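Structure record follows, encoded as structure tokens.
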Amino acid sequence: MTYSSQAGTSPRAAKWLRALGRWAFVLPVLLLNLVVVVIPSVAGLAVAFTDWTGYNVPSFVGLQNFQRLFQDGVFFLALKNNLVWTVMFLTAPIFVGLMGAYILSTIKRGQMVFRVIYFIPYVVASVVNTQMWRQLLNPRVGIGPLLAERGITFLDFPIFGTRETALFGVAFVDAWHFWGFLVVLYLSAMSSVDVELYEVARLDGASRFQQFRFVTLPSIRPTLVFTILMIIIWSSTTFDYVYMLTSGGPANASELMSTYLYDNAFNRFDAGYAATIGMMMSLWVALAVAGFVYLRRRGWEI
Amino acid sequence: MFAKRRTQSSIPSYIVLILLAIFALAPLVILAMNSVKSTPEIGRNPIGLPENVLFENFTEAWEEGNYAVTTRNSIILTVSTIAGTLTIAGLAAFALARLKLKGANLIAFYFLVGTSVPAQLFMIPLFFVWREIGLVNTHIGLIIIYCALYAPFATYLLRSYMVALPEEFVEAAKIDGASNWHVFRHIIMPLSWPGFLTAGLVIGLNVWNEFLFAVTFLPGTENRPIATSLFAFQQRFGRDWGLTSAGSVIMVLPIIVLFLLLQRRFIEGLTQGGLKA
Numbered sequence: 059m060t061y062s063s064q065a066g067t068s069p070r071a072a073k074w075l076r077a078l079g080r081w082a083f084v085l086p087v088l089l090l091n092l093v094v095v096v097i098p099s100v101a102g103l104a105v106a107f108t109d110w111t112g113y114n115v116p117s118f119v120g121l122q123n124f125q126r127l128f129q130d131g132v133f134f135l136a137l138k139n140n141l142v143w144t145v146m147f148l149t150a151p152i153f154v155g156l157m158g159a160y161i162l163s164t165i166k167r168g169q170m171v172f173r174v175i176y177f178i179p180y181v182v183a184s185v186v187n188t189q190m191w192r193q194l195l196n197p198r199v200g201i202g203p204l205l206a207e208r209g210i211t212f213l214d215f216p217i218f219g220t221r222e223t224a225l226f227g228v229a230f231v232d233a234w235h236f237w238g239f240l241v242v243l244y245l246s247a248m249s250s251v252d253v254e255l256y257e258v259a260r261l262d263g264a265s266r267f268q269q270f271r272f273v274t275l276p277s278i279r280p281t282l283v284f285t286i287l288m289i290i291i292w293s294s295t296t297f298d299y300v301y302m303l304t305s306g307g308p309a310n311a312s313e314l315m316s317t318y319l320y321d322n323a324f325n326r327f328d329a330g331y332a333a334t335i336g337m338m339m340s341l342w343v344a345l346a347v348a349g350f351v352y353l354r355r356r357g358w359e360i
Numbered sequence: 002m003f004a005k006r007r008t009q010s011s012i013p014s015y016i017v018l019i020l021l022a023i024f025a026l027a028p029l030v031i032l033a034m035n036s037v038k039s040t041p042e043i044g045r046n047p048i049g050l051p052e053n054v055l056f057e058n059f060t061e062a063w064e065e066g067n068y069a070v071t072t073r074n075s076i077i078l079t080v081s082t083i084a085g086t087l088t089i090a091g092l093a094a095f096a097l098a099r100l101k102l103k104g105a106n107l108i109a110f111y112f113l114v115g116t117s118v119p120a121q122l123f124m125i126p127l128f129f130v131w132r133e134i135g136l137v138n139t140h141i142g143l144i145i146i147y148c149a150l151y152a153p154f155a156t157y158l159l160r161s162y163m164v165a166l167p168e169e170f171v172e173a174a175k176i177d178g179a180s181n182w183h184v185f186r187h188i189i190m191p192l193s194w195p196g197f198l199t200a201g202l203v204i205g206l207n208v209w210n211e212f213l214f215a216v217t218f219l220p221g222t223e224n225r226p227i228a229t230s231l232f233a234f235q236q237r238f239g240r241d242w243g244l245t246s247a248g249s250v251i252m253v254l255p256i257i258v259l260f261l262l263l264q265r266r267f268i269e270g271l272t273q274g275g276l277k278a
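One line per chain: the protein sequences are A and B, in this order.
Note that the working numbering numbers the first sequence so that position 158 is 216, with each residue one more than the last.
Note that the working numbering numbers the second sequence so that position 162 is 163, with each residue one more than the last.
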């Protein structure tokens with residue numbers, strides 16, 4: 059059916075009908091998103107101020123959940139773990155990603171093949187990745203005892219079952235599946251860098267590292283900053299790998315905000331308190347985005 | 002000079018690149034080899050080639066893991082989500098790309114906010130509402146959620162394809178008096194099929210692998226997809242490494258084959274959307 063002006067309708071009404079006809083195309087997406095994401099998010103912020111268990115009729119309790127949160131050692135442990143997680147992901151995977159992409163950008167043959175190989179772990183499901191590494195890092199049937207036979211003993215202990223190493227072990231497994239994604243992102247940014255800039259740098263006697271530092275890095279800054287922002291956001295909500303490998307244990311040593319929230323919402327009948335944790339996660343995301351916007355306003359080309 | 006510099010320094014480069022390739026692939030190769038070993042053999046020989054190849058792990062995992070049912074469930078979720086998301090995202094992308102929509106910036110902002118909200122925040126109220134209206138433990142309940150989650154990504158991916166289409170086709174049809182719907186259905190949609198394919202693959206991959214929403218909204222054993230049932234399977238047969246490796250291979254093999262066949266589209270779609278898999 060058409061929304062062109064028909065006989066009998068005024069021009070103004072016809073204009074409205076046409077606008078309505080155009081909006082009809084975006085309406086399904088907007089409505090669905092409203093019902094599934096926006097309204098429940100607002101509700102999530104609201105129930106943070108209630109004693110909702112998930113099963114009762116919630117009643118308003120003011121800032122009680124927040125008072126509890128600020129005295130909750132497990133929450134602060136989880137928050138600290140999220141910060142450690144963020145720092146880990148902002149260093150090792152970005153370093154490997156930049157290095158891999160830079161080396162890849164300088165070779166002539168096989169670029170596509172390496173790109174595909176590095177990307178494969180990224181398409182493998184978390185439930186498969188964790189299974190694989192649970193075996194490889196197992197103290198009985200993994201690479202730990204195998205290396206121990208040859209005198210290398212630093213992996214010969216239960217990594218996920220030791221308080222000091224559980225979080226690092228989990229982050230390693232997650233990062234293993236993530237770095238190749240960064241290689242591909244950085245590589246496509248690097249491939250659009252003007253070749254002449256490298257020529258000039260070489261004529262000035264720049265070493266390969268100097269070329270990377272003074273030509274590549276400034277040229278791919280928008281992509282680099284984008285991935286940094288994404289990592290900061292994703293690090294606050296990361297869930298699968300911790301849930302599957304340690305469930306936040308042993309003794310909350312690898313607890314994250316997301317796993318602590320999940321436990322409160324679905325195992326401890328404490329939905330109001332869980333929503334309070336969810337609000338802190340949203341605050342983290344909002345701060346990251348605000349920082350990004352601020353830097354942009356300050357004239358950073360990002 | 003350019004070429005010379007490259008050949009001079011390319012051997013160390015290739016060594017690093019090959020080491021990285023081994024790092025990426027070795028765990029998967031070991032998983033595949035362990036899936037055809039017996040569990041005692043994995044104890045003796047955890048990362049080497051199998052002494053005897055036995056496929057019993059696969060038949061046993063298929064039976065014990067109830068794969069006939071969970072594979073069907075995963076396919077239902079994946080196919081329905083792709084169809085639903087592409088339908089609504091295709092319509093929205095068309096309007097954003099081709100119709101002069103007042104407030105398009107507002108929609109972009111709305112999507113940006115909507116996709117940055119932590120899932121765990123809206124998941125809690127959503128779960129209890131879904132339970133009230135009987136959508137927990139139903140496929141349609143989860144499909145609706147997936148469509149809402151992936152539609153913003155698909156809309157923007159499809160929009161980028163539709164914006165790039167030549168204007169003449171649309172103008173010609175408009176002159177012939179075609180409606181917006183006609184232009185969408187008969188001109189824009191057929192021409193932007195690569196976008197639909199790319200978006201569909203990315204959505205399919207995400208649904209196939211998705212864990213958090215699946216484990217929450219499909220807690221029952223009859224409706225659950227491979228991802229969450231494999232997790233339960235791993236918990237149950239924790240020490241039976243041959244069996245659980247076979248279970249993992251069943252889940253990941255179709256994905257890797259499809260990825261290798263269509264890697265360009267997968268990589269393009271996954272690196273454009275900023276969507277986490």
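Beta carbons: idealized from backbone N, C-alpha and C, even for Gly.
The model shown is predicted, which means the values in this text are computed figures rather than measured ones.
Neighbour list for residue i in chain A, Cβ cutoff strictly below 7 angstroms
i      : result
B/L78  : Neighbours of B/L78 on chain A: none; closest Cβ ~14 angstroms, over 7 angstroms.
B/L143 : Those within 7 angstroms of B/L143 in chain A number zero; the least Cβ separation is about 11 angstroms.
B/T281 : Outside the shown range of chain B (2 to 278) lies residue 281 of chain B, about which nothing can therefore be said.
Alpha-carbon to alpha-carbon, residue j and residue i
i      : j      : result
A/M337 : B/H183 : 45 angstroms
A/N325 : A/L275 : 47 angstroms
B/G201 : A/V253 : 35 angstroms
B/A278 : B/T272 : Low local confidence applies: a pLDDT of 35 at B/A278 is under 50, so the model's placement there is unreliable, and no value is given.
A/T304 : B/E133 : 32 angstroms
B/I19  : B/W63  : 35 angstroms
B/F214 : A/L85  : 24 angstroms
B/F260 : A/V300 : 26 angstroms
A/P69  : A/R76  : 10 angstroms
A/Q268 : A/G219 : 43 angstroms
A/V283 : A/Y160 : 17 angstroms
A/V367 : A/N140 : Residue 367 of chain A falls outside the range modelled here, since chain A spans only 59 to 360, and no answer is possible.
B/R7   : A/Q169 : Interpretation of B/R7 is limited by its pLDDT of 46, a score under 50 that renders its predicted location unreliable; no figure is taken from the coordinates.
B/G275 : A/V87  : For B/G275, the pLDDT reaches just 49, beneath the cut-off of 50, and the residue's location in the model is therefore unreliable, although a value from the coordinates is still provided. Their Cα atoms are separated by approximately 19 angstroms.
A/R355 : A/L240 : 26 angstroms
A/L261 : A/K166 : 21 angstroms
A/V174 : B/V70  : 32 angstroms
B/N46  : A/R198 : 11 angstroms
B/W209 : B/A155 : 16 angstroms
A/G131 : B/A228 : 33 angstroms
B/G91  : A/H235 : 31 angstroms
A/F226 : B/E169 : 56 angstroms
Residue i versus the options, residue with shortest Cα-Cα distance
i      : options                        : result
B/L21  : A/W110, A/Y176, A/I278         : A/Y176
A/L245 : A/F215, A/M157, A/N310, A/S340 : A/M157
A/A233 : A/F153, A/S99, A/P203          : A/F153
B/A247 : B/I19, B/I12, B/L26, B/I31     : B/I31
B/I43  : A/N123, A/I335, A/L141, A/Q193 : A/Q193
A/V231 : A/L243, A/I217, A/L78          : A/I217
A/M248 : A/R80, A/G330, A/T164          : A/T164
B/V253 : A/V185, A/P280, A/T317         : A/V185
A/A82  : B/F185, B/G178, B/I76, B/T72   : B/F185
B/L192 : B/V171, B/P47, B/S180, B/T217  : B/V171
B/I257 : B/F95, B/F234, B/L29           : B/L29
B/L263 : A/V93, A/A71, A/V181, A/A104   : A/V181
A/L137 : A/A323, A/G357, A/T296, A/G330 : A/T296
A/A106 : A/Y331, A/G357, A/L353         : A/Y331
Amino acids of chain B, ordered along the chain, whose beta-carbon sits closer than 7 angstroms to that of residue i
i      : result
A/T295 : P119, A120, Q121
Residues bridged to residue i [DSSP beta-bridge criterion]
i      : result
A/F118 : A/T108
Closer than 7 angstroms: residue i CB and nearest the ligand ATP heavy atom
i      : result
A/N123 : As for the ligand ATP, it is missing from this structure, which has no ligand bound.
Chain-ordered neighbours of residue i on chain B, where CB pairs are closer than 8 angstroms
i      : result
A/N91  : Y111, F112, G115, A149, A152, P153
A/L243 : T272
A/G200 : P47
Within chain A, partners of residue i - CB distance below 8 angstroms
i      : result
B/S280 : This structure leaves residue 280 of chain B out entirely; chain B is present only between 2 and 278.
B/I95  : It should be pointed out that residue 95 of chain B corresponds to Phe in this sequence rather than to Ile. Residues of chain A passing the Cβ test: F83.
B/M252 : A183, V185, V186
Checklist line | Contact between the segment 118-129 of chain A and the segment 135-142 of chain B (3+ Cβ pairs under 8 angstroms) | finding: Between the segment 118-129 of chain A and the segment 135-142 of chain B, the count of C-beta pairs closer than 8 angstroms stays below three; the two stretches do not touch.
Next item on the list: Tell me, please, whether the segment 113-125 of chain B touches the segment 331-345 of chain A by the rule of three or more beta-carbon pairs shorter than 8 angstroms.
Entry: yes
Check: So does the segment 103-114 of chain B actually touch the segment 305-320 of chain A, counting three or more Cβ pairs closer than 8 angstroms?
Finding: At 8 angstroms Cβ cutoff, the stretches do not touch.
Check: Do the segment 152-168 of chain B and the segment 191-209 of chain B meet, that is, are 3 or more Cβ pairs less than 8 angstroms apart?
Finding: yes
Notebook entry, point to check: Can at least three beta-carbon pairs, one atom from the segment 207-219 of chain A and one from the segment 137-148 of chain A, be found at a separation below 8 angstroms?
Noted result: no
Check: Are at least three pairs of beta-carbons, each pair with one atom in the segment 143-152 of chain B and one in the segment 97-112 of chain A, less than 8 angstroms apart?
Finding: no
Checklist line | Inter-stretch contact (C-beta, 8 angstroms, three-pair minimum) for the segment 40-57 of chain B and the segment 163-170 of chain B | finding: no
Check: Is it true that the segment 319-335 of chain A meets the segment 122-129 of chain B, where meeting means three or more beta-carbon pairs spaced less than 8 angstroms apart?
Finding: yes
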